[in-house]
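Chemist: Residues in the sequence shown are numbered from 1 upward in steps of one, following the numbering used here. Below are the C-alpha cells for one structure; questions will follow.
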Amino acid sequence: MVQKLRIAIQKSGRLYDDSVKLLSECGIDLRNVRERLRTESDDFPLEVFFLRDDDIPQYVEDGVADIGIVGENVLYEKNRQAEVVEELGFGKCRLSIAILRNQHYDGIRTLKGKRIATSYPFLVASYLKQHNVEADIHEISGSVEIAPGIGLADVVADLVSSGSTLFMNGLKEVETILQSQAVLIKNKDLSKEQLDLLDKLLFRIKAVKKAKRNKYVLLNAPNEKLGEIIALLPGMKSPSVLPLAETGWSSVHSVLSEDEFWEKIEQLKAAGAQGILVVPIEKMVV
Ligand code: PRT
Ligand code: ZN
Numbered sequence: 001m002v003q004k005l006r007i008a009i010q011k012s013g014r015l016y017d018d019s020v021k022l023l024s025e026c027g028i029d030l031r032n033v034r035e036r037l038r039t040e041s042d043d044f045p046l047e048v049f050f051l052r053d054d055d056i057p058q059y060v061e062d063g064v065a066d067i068g069i070v071g072e073n074v075l076y077e078k079n080r081q082a083e084v085v086e087e088l089g090f091g092k093c094r095l096s097i098a099i100l101r102n103q104h105y106d107g108i109r110t111l112k113g114k115r116i117a118t119s120y121p122f123l124v125a126s127y128l129k130q131h132n133v134e135a136d137i138h139e140i141s142g143s144v145e146i147a148p149g150i151g152l153a154d155v156v157a158d159l160v161s162s163g164s165t166l167f168m169n170g171l172k173e174v175e176t177i178l179q180s181q182a183v184l185i186k187n188k189d190l191s192k193e194q195l196d197l198l199d200k201l202l203f204r205i206k207a208v209k210k211a212k213r214n215k216y217v218l219l220n221a222p223n224e225k226l227g228e229i230i231a232l233l234p235g236m237k238s239p240s241v242l243p244l245a246e247t248g249w250s251s252v253h254s255v256l257s258e259d260e261f262w263e264k265i266e267q268l269k270a271a272g273a274q275g276i277l278v279v280p281i282e283k284m285v286v
C-alpha cells in the first residue's frame with residue numbers, strides 16, 4: 001500500500017481558506033472539500049482531516065494525524081507534544097491583555113488580584129507567573145470582549161488582529177502575551193517514509209512562501225547606466241541582460257524581495273531605469 005501523509009486542517013473558520021489555498025498553491029487540490037470530513041488528493045499522497053482547530057494539536061500528538069495546520073496560540077495553549085516545522089505567514093494575530101479604556105495602567109502589577117476573562121487560561125497563567133503577578137483567571141469560551149461591560153471581569157486576555165473589537169468594546173491593550181501565526185506542526189515520531197513525504201511538501205511550501213516575498217522586475221536601461229543598475233539588483237544569481245531592438249538600450253530582468261522593493265525601485269529610477277514592470281512570481285525554487 002502506498003504510504004500517505006495525514007494532515008489535519010481547520011474544518012471552518014479563519015484558517016480554513018488559507019490552509020486549502022496553501023495546499024492548492026503547492027499543487028495539491030482536494031477532492032470533495034464541501035463535505036469537510038475527510039478527503040484525499042489525486043496530486044500528492046495526502047489524506048486530509050477537517051477538525052476544530054482546538055483538537056488539532058492533540059490529533060497530531062496522538063499520531064491520528066501526522067501533521068497539522070494550526071495557530072500558535074492554540075498550539076501553545078493546548079501545550080501538546082507536537083513540533084513546529086514551518087511558519088506559514090497567515091492567521092497572524094496576538095494574544096493580548098486589555099483593560100477598560102478609562103482605567104489607569106501602571107505596568108503589569110496593576111493586574112494583581114484582578115479578574116481576567118479569557119479562552120487562553122494556560123497561556124495567561126504562565127505569563128502572569130513569569131511576571132510574579134497573582135490574578136483570578138475566568139475561562140470563558142467566546143465573546144471575551146464583553147466580559148468587563150457585563151461585570152464578569154475587570155480585564156480580558158483575547159486575540160487581537162486589527163484591534164477594532166477591543167476598541168468597540170471600550171478596551172485598550174496593555175500587554176502582549178504572544179505573537180501568533182498559523183504553523184505547520186508534526187508528530188514527533190514520524191516514520192522515514194512519512195518524513196520523506198513531509199520533506200516533499202515542505203519543499204513546495206517554501207517555494208510558495210519565497211515566491212510571495214519576491215517580485216519579478218523587468219526594466220529598460222541605457223547601456224551606459226547598466227553597471228550602476230545591475231549593482232542595485234541582486235537577482236537569483238545575477239540579473240539577466242538582453243539587448244533591446246533600439247541600439248544603446250538593454251532590458252534587465254531580476255528578482256526583488258518585498259522588504260526592499262520600494263526603496264530599490266526609487267534607486268533604479270534615479271539611476272536611469274525606465275519602463276519598470278513588476279510581476280508576481282508563482283513559485284520560486286532556488
Ligand atoms: O470552530 P473552531 O474551533 O475551529 O474555530 P474558532 O472559532 O476557535 O477559531 P477562528 O476560526 O475564529 O480562528 C482560528 C484562528 O485564527 C485562531 O486560533 C488564530 O490563530 C487565528 N486568528 C487570527 C484569529 C484572529 N486573527 C482574530 N482576530 N482568531 C480570532 N480572532 C478574533 C478575536 O478572538 C476577536 O474576537 O477576532 C476578534 C479580534 O479581531 P480584531 O480584528 O477586531 O482585532
Ligand atoms: Zn477553536
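Built from N, CA and C at the ideal position, the CB exists for glycine as well.
Could you check which residue in I150, G91, V155, G107 has the C-alpha nearest to that of P290?
Modeler: Coverage of the chain is limited to positions 1 through 286, which leaves residue 290 absent and any answer about it impossible.
Chemist: Closer than 5 Å from C-beta to any heavy atom of the ligand ZN: which residues, in chain order?
Modeler: Result (chain order): D53, D54.
Chemist: Any chance the CB of N169 is under 7 Å from a heavy atom of the ligand NAD?
Modeler: As presented, the structure is devoid of the ligand NAD, carrying the ligand PRT and the ligand ZN as its sole ligands.
Chemist: Expressed to the nearest angstrom, what Euclidean distance is found between the alpha-carbon atoms of V70 and D136?
Modeler: Counting from 1 along the sequence shown, the entry for residue 70 is found at position 70. Counting from 1 along the sequence shown, the entry for residue 136 is found at position 136. Near 28 Å, if we compare the C-alpha coordinates of D136 and V70.
Chemist: Less than 7 Å between the CB of V160 and some heavy atom of the ligand PRT, yes or no?
Modeler: Your numbering for residue 160 matches position 160 in the sequence shown. For the ligand PRT, at least one heavy atom lies less than 7 Å from the Cβ of V160.
Chemist: Return the CA-CA distance between D29 and R204, expressed in angstroms with no decimal places.
Modeler: As a working note, residue 29 is residue 29 in the sequence shown. As a working note, residue 204 is residue 204 in the sequence shown. Answer to the nearest angstrom: the Cα atoms are 13 Å apart.
Chemist: Between L46 and Y59, how many whole angstroms is the CB-CB distance? I'm expecting something under 8 Å.
Modeler: Reading the sequence shown from its first residue, position 46 is the one you call residue 46. Reading the sequence shown from its first residue, position 59 is the one you call residue 59. Not quite, the Cβ-Cβ distance comes to about 15 Å (not below 8 Å), so this is no contact.
Chemist: At the level of alpha carbons, what is the spacing between A211 and L256?
Modeler: The residue you call residue 211 lines up with position 211 of the sequence shown. The residue you call residue 256 lines up with position 256 of the sequence shown. The straight-line gap from Cα to Cα measures roughly 10 Å.
Chemist: To test your reading of the DSSP string, which unbroken beta strand (DSSP E) runs of 3 or more residues are found completely within the stretch 54-129?
Modeler: Counting only runs of 3 or more, we get 67-71, 83-87, 93-100, 115-118.
Chemist: Three-state secondary structure (DSSP) at L46?
Modeler: Against the sequence shown, residue 46 aligns to sequence position 46. Residue state, collapsed to three classes: strand.
Chemist: Straight-line CA distance for E134 to D62?
Modeler: Looking up residue 134 in the sequence shown gives position 134. Looking up residue 62 in the sequence shown gives position 62. Their backbone Cα atoms lie some 34 Å apart in a straight line.
Chemist: Should the stretch 172-185 be called in touch with the stretch 144-163, which here means at least 3 C-beta pairs below 8 Å?
Modeler: They touch, by the three-pair rule.
Chemist: By Cβ distance below 8 Å, which residues in the same chain neighbour R31 in space, the five residues on each side in sequence not counted?
Modeler: In the sequence shown, residue 31 corresponds to position 31, counting from 1. Only T39, E40, S41, D42 meet the Cβ criterion.
Chemist: For K264, count the other beta carbons within 10 Å of its own beta carbon; 16 or more makes it buried, fewer makes it exposed. Which is it?
Modeler: The residue labelled residue 264 in the question sits at position 264 within the sequence shown. With 16 or more Cβ atoms within 10 Å of its Cβ, K264 is classed as buried.
Chemist: So, with DSSP's three-state summary, where would you put Q10?
Modeler: To locate residue 10, count along the sequence shown from 1; it is residue 10. It is a strand residue.
Chemist: Write down the C-beta distance between A117 and I140 rounded to the nearest angstrom, noting that I regard them as a contact closer than 8 Å.
Modeler: The residue you call residue 117 lines up with position 117 of the sequence shown. The residue you call residue 140 lines up with position 140 of the sequence shown. 5 Å between Cβ atoms; contact.
Chemist: Would you decide whether V160 is buried or exposed? Buried here means 16 or more other CB atoms lie within 10 Å of its CB.
Modeler: Translated into positions along the sequence shown, residue 160 becomes position 160. V160 is buried by the Cβ-count criterion.
Chemist: Based on Cα-Cα distance, which residue from L15, L22, K11, D18 lies nearest to E35?
Modeler: Position 35 of the sequence shown, counting from 1, holds the residue named residue 35. Residue K11 is the option with its Cα nearest to E35.
Chemist: Distance, Cα to Cα, Y16 vs F90?
Modeler: Position 16 of the sequence shown, counting from 1, holds the residue named residue 16. Position 90 of the sequence shown, counting from 1, holds the residue named residue 90. Straight-line Cα distance between these residues: approximately 11 Å.
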